[in-house]
Amino acid sequence: MIDAYLSEEGYELSVAYDGVQAMKRVDELQPDLVLLDIMMPKLSGYEVCHWMKSSPRTKDIPVLMVTALNEQGDIEKAVRAGCDDFLTKPVNSLELKTRVKSLLRVRHLTNERDRLLAYMAEVENARTRAETR
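Laid out in structure tokens, this is it:
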């Protein structure tokens, strides 16, 4: 259902069927957002999320956890693993689309901020080099 909801919004999707495949796809594709089911074969969503947030290459990719589990402890464990937001199943189409849009907006703004900071540092370095000549 999630695939159908997001495809109709025009998002480009890549699907993984277990935690190991998810890690491989994230590392290769460097997506703008990752939706993780907590209960996956081979590695859980918790483990994949923890791996992502521990890696310098993937730590800034937002993670939306999707789960049929709704115990408070499950949500706390997802937050401790580093997820940025979570949804419980069955997923409401409007809620999913709204959270995805919001997380993608944050990702875009973070990327813009990082580019601006890098540009400002470059300009400052050039100015400093010009002054020392």
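In terms of the working numbering, the sequence shown opens at residue 2 and continues consecutively. Think of the CB as a built atom: it goes at the ideal place given N, C-alpha and C, for glycine as much as any other residue. Source: prediction; values computed, not measured.
Since residue i sits in a beta bridge, which residues does DSSP pair it with?
{"i": "D86", "result": "L65"}
{"i": "V35", "result": "V64"}
Between residue i and residue j, what straight-line distance do the alpha-carbon atoms span, to the nearest angstrom?
{"i": "V21", "j": "L44", "result": "6 Å"}
{"i": "T89", "j": "P57", "result": "28 Å"}
{"i": "I76", "j": "L65", "result": "12 Å"}
{"i": "V92", "j": "M121", "result": "42 Å"}
{"i": "S55", "j": "R134", "result": "42 Å"}
{"i": "A136", "j": "R100", "result": "Coverage of the chain is limited to positions 2 through 134, which leaves residue 136 absent and any answer about it impossible."}
{"i": "Y18", "j": "V67", "result": "14 Å"}
{"i": "K98", "j": "R128", "result": "45 Å"}
{"i": "M24", "j": "E123", "result": "34 Å"}
{"i": "R26", "j": "E132", "result": "46 Å"}
{"i": "P63", "j": "E72", "result": "22 Å"}
{"i": "D28", "j": "E125", "result": "33 Å"}
{"i": "S103", "j": "H109", "result": "10 Å"}
{"i": "Y47", "j": "D115", "result": "27 Å"}
Can you give the beta carbon distance from residue i to residue j, rounded, assuming they're within the 8 Å contact cut?
{"i": "I39", "j": "L70", "result": "6 Å"}
{"i": "L34", "j": "L95", "result": "That belief does not hold up - the Cβ atoms of L34 and L95 are roughly 17 Å apart, past 8 Å."}
{"i": "L36", "j": "C50", "result": "The Cβ separation is near 11 Å, so there is no contact."}
Would you say the segment 4 to 20 touches the segment 72 to 85, given that touching needs at least three Cβ pairs under 8 Å?
The segment 4 to 20, when compared against the segment 72 to 85, does not touch it at the 8 Å Cβ threshold.
Extract the residue ranges of the alpha helix (DSSP H) inside the segment 94 to 131, only unbroken runs of 4 or more that lie entirely within it.
Runs of the alpha helix (DSSP H) inside the segment 94 to 131: none found.
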